[in-house]
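So for the sequence shown, our numbering puts the first residue at 1258; every next one is plus one.
Beta carbons: idealized from backbone N, C-alpha and C, even for Gly.
Let me begin by presenting the structure, written as structure tokens, before commenting on it.
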Amino acid sequence: MMFWRSVVVKLWFTILLLVCFVLIILTVLLLQFFENFHVNKAEEEMLRTATVVSTLIDSEQRQDIILSTTDTVKSASSHVLVVRGNGQSWKAESDSGDFKELQKQWFEQDEELARVISGGTEVKKVASADGRKFLAVGSPLSGDSGAVFVYKPLDSVEETTQQTTKTVFLGAGIAIVLTTIFAFFLSTRITAPLMKMRKGAFELSEGEFHTKIPIITHDEIGELAIAFNRMGRQLKQNIDALNQEKEQLSGVLKSMADGVITLNHKRKILVTNPPAKQLLQSWRYEEGLEEEELPSPLHELFESVITEEREAMTEVTVQGRNWVIIMTPLYSNTTIRGVVAVLRDMTEERRLDKLRKDFLANVSHELRTPISMMRGYSEAIVDEVATTKEEKNELAQIILEESERMGRLVNELLDLARMESGNIQLHKEPVDVNLFLDRIVNKFQGVAEETGVKLLHERSGLPAGTVSIDSDRIEQVVTNLLDNAIRHTAENGSVHVHLHGGEDHFEIKVEDTGAGIPEEDLPFIFERFYKGDKSRKRSPSEEKQGTGLGLAIAKNIVEAHKGKISVQSKEGEGTTFYIYLPVENLPK
């Protein structure tokens, strides 16, 4: 099947078929011509012989002279029959012994030949007798009624025709062979460059853009080869440019923090970047979708964009994260061929917005109470509600304490803001951790004894030497943890401070047997203004309430030292805080 698809075969077969068609027509015409030519030639020769014999008879020559002359002028295969008007006849016999001679009666019975005797007209005819064909020619005698008939078998004429036919067929065969060779050579010559171009086109389709077609001729095929090579170079440049733009676009998409999804008009995903893939995986997991299915919000947004032919936006929540999706139509001329969706993770923005609102609410709440108390007690003094000096001093003392608490709150807020903005300044110095922790624990021994809490200090595994830390900041952290532990531990309870060190870290553990922290509050205790007392109510004399910023500040200080702080607690059983500082802070 591939053989007949070849251009070489098609061109060769077309030329061969055309030449064969022409040769067949020419051969048929030639054979017809030569056949008629030989018959006519034989008839004319026989007619000349009959005319010569008739002339001799009319000149009244002797019969022996006529017979000898007749034998001389007639062909070897011809027979001559002379029929005289007086009923006499004589013959000049032929050398052809296998041909049966015709009698006088046969000529007289043939209508056309009989006219020669009676009418005096010449007749040429192809006749048959006893199953054999022959040529017969009759010429009338002018002296008396009678005729000279010359006849010969048609086989002799056909032999000549057959020789001519063989010659014609031989010439046609030679012409066909030469045409075949010429056609194959010509088709190969023409199609060889085309075959090379075909091979080059396949190589181009496989990405081999360095393929070049040799230019052999300077005709149309040579110009086609030049155009093909130029096309290959231009195609390589275009592909390189497209690959460069594709790599650039891929790099831009991968480096984007926003997710990007491109869909065609059949909702099939064409392009995604890592954030978009991660969102789709979470989305499909949440909705229980298959790998190629689109989540329902994207379906609805897609339909809206395609129908209205304009940009659309929506906001969704997936696995606890907030995403804003902006979808825009993509056009091919005036037809929409798909859409591109940009997915932005707004979780952090929403969280910061909530923190801002909570921060304003918390600060307002924290400042409103002391300001109200200061205003109330100040009015009591101005309105002389307190009459004695002792009462006025007591009210003034409360106002002083509330103002100091407001000052601490403002200072802690400023410290926390600097820490969270990355502007915390650490003043590290060599510190003996054992002595450092002993000093802090001893400072709280008096407070613990007043509240009936047992304060214990243990250490193990710490190598000799000092550590490089900001002692004031770490003391602020440990002080905050100890203060919280003692304030939230009931009488006869205990607080353990455990120092553990190794070659790559040291750890401070503050463990108490106090009320503990509810499980639902554990994830939020390091946030600003966290308090276990949800009502946030405080009596003027209550000292066990803080600002709710201590643990948030402690976390920022520890993380500034490249450490970690964590907590474990069970409500009613106690709480344990862990401060882990890495080896970078330990001198060798």
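Measuring alpha carbon to alpha carbon, tell me which residue in the options is nearest residue i.
i, options, result
"E1300", "L1392, V1597, D1727", "L1392"
"H1755", "A1817, L1268, K1812, Y1835", "Y1835"
"P1531", "S1539, K1511, H1522", "K1511"
"K1821", "D1602, T1832, F1783", "F1783"
"H1522", "D1497, S1589, E1548", "S1589"
"T1437", "K1267, L1838, V1309, G1807", "K1267"
"Q1576", "E1549, G1545, N1495, L1587", "G1545"
"Q1419", "L1506, D1761, M1452, F1291", "F1291"
"A1458", "I1814, D1476, M1488", "M1488"
"Q1682", "L1492, N1813, K1331", "N1813"
"L1739", "D1761, P1839, G1771", "G1771"
"K1819", "N1741, H1745, V1573, D1727", "D1727"
"H1745", "E1777, R1625, G1773", "G1773"
"L1854", "L1287, G1664, E1648", "Absent from the structure is residue 1854, since the part of the chain shown begins at 1258 and ends at 1845."
"V1846", "S1621, D1761, K1646, Q1654", "Since the first and last residues shown for the chain are 1258 and 1845, residue 1846 lies out of range."
"K1381", "S1316, I1314, T1308", "T1308"
"E1465", "K1493, T1326, T1574", "K1493"
"S1399", "A1371, S1325, S1316, T1445", "S1316"
"V1690", "T1604, E1641, G1759, D1640", "G1759"
"V1573", "M1603, E1502, L1587, E1549", "M1603"
"H1762", "R1730, L1587, T1723, D1640", "T1723"
"A1811", "K1390, D1729, L1657", "D1729"
Note down, in chain order, each residue of its chain lying with its Cβ closer than 6 Å to the Cβ of residue i, except the 5 sequence neighbours on either side.
i, result
"H1753", "L1713, E1768"
"T1519", "L1527, V1528, V1597"
"R1490", "none"
"K1711", "S1751"
"Q1825", "T1833"
"A1705", "L1712, I1743"
"L1287", "V1425"
"D1790", "Summary for D1790: the model assigns pLDDT 48, below 50, so the residue's position carries little reliability; its value from the coordinates is reported in the next sentence. Excluding positions up to five away in sequence, the list is empty."
"K1453", "I1470"
Please report the Cβ distance between residue i and residue j, rounded to the nearest whole angstrom; I am assuming they are in contact, meaning their Cβ atoms lie under 8 Å.
i, j, result
"P1554", "T1571", "6 Å"
"P1775", "E1828", "5 Å"
"F1701", "I1743", "6 Å"
"T1585", "E1568", "5 Å"
"E1659", "M1631", "5 Å"
"H1295", "T1417", "5 Å"
"V1339", "I1314", "7 Å"
Between residue i and residue j, is the Cβ-Cβ spacing less than 9 Å?
i, j, result
"A1482", "I1473", "yes"
"M1303", "V1407", "yes"
"I1447", "C1277", "no"
"A1915", "I1281", "Residue 1915 cannot be examined here, being either before or after the span of the chain that is shown, 1258 to 1845."
"V1599", "V1517", "yes"
"A1404", "P1410", "no"
"G1703", "N1749", "no"
"P1450", "I1478", "yes"
"V1373", "T1306", "no"
"R1607", "N1579", "yes"
"I1470", "N1486", "yes"
"D1515", "R1613", "no"
"V1285", "V1310", "no"
"L1443", "I1272", "yes"
"N1741", "L1838", "no"
"S1556", "R1524", "In the sequence on display, residue 1556 carries His and not Ser. It is a contact, given that the beta carbons lie within the stated cut-off."
Could you pull out every residue in the same chain whose Cβ sits closer than 7 Å to the Cβ of residue i, ignoring the five residues on either side in sequence?
i, result
"L1652", "Y1634, A1637, I1638, A1643"
"E1732", "I1697"
"L1558", "A1569, T1571, I1582, M1584"
"T1421", "F1291"
"L1274", "none"
"W1269", "A1440, F1441, S1444"
"E1543", "V1575, Q1576"
"E1504", "none"
Could you pull out every residue in the same chain whose Cβ sits closer than 8 Å to the Cβ of residue i, ignoring the five residues on either side in sequence?
i, result
"E1460", "T1468"
"L1779", "V1824, S1826"
"M1513", "N1530, P1532"
Going by the C-beta, is residue i closer than 8 Å to any heavy atom of the ligand NAP?
i, result
"R1594", "Among the ligands in the structure shown, none appear at all, so the ligand NAP cannot be discussed."
Next item on the list: Examine the Cβ distances between the segment 1560-1567 and the segment 1534-1550 and report whether three or more of them are shorter than 8 Å.
Entry: no
Checklist line | Three CB pairs or more closer than 8 Å across the segment 1693-1709 and the segment 1729-1745 | finding: yes
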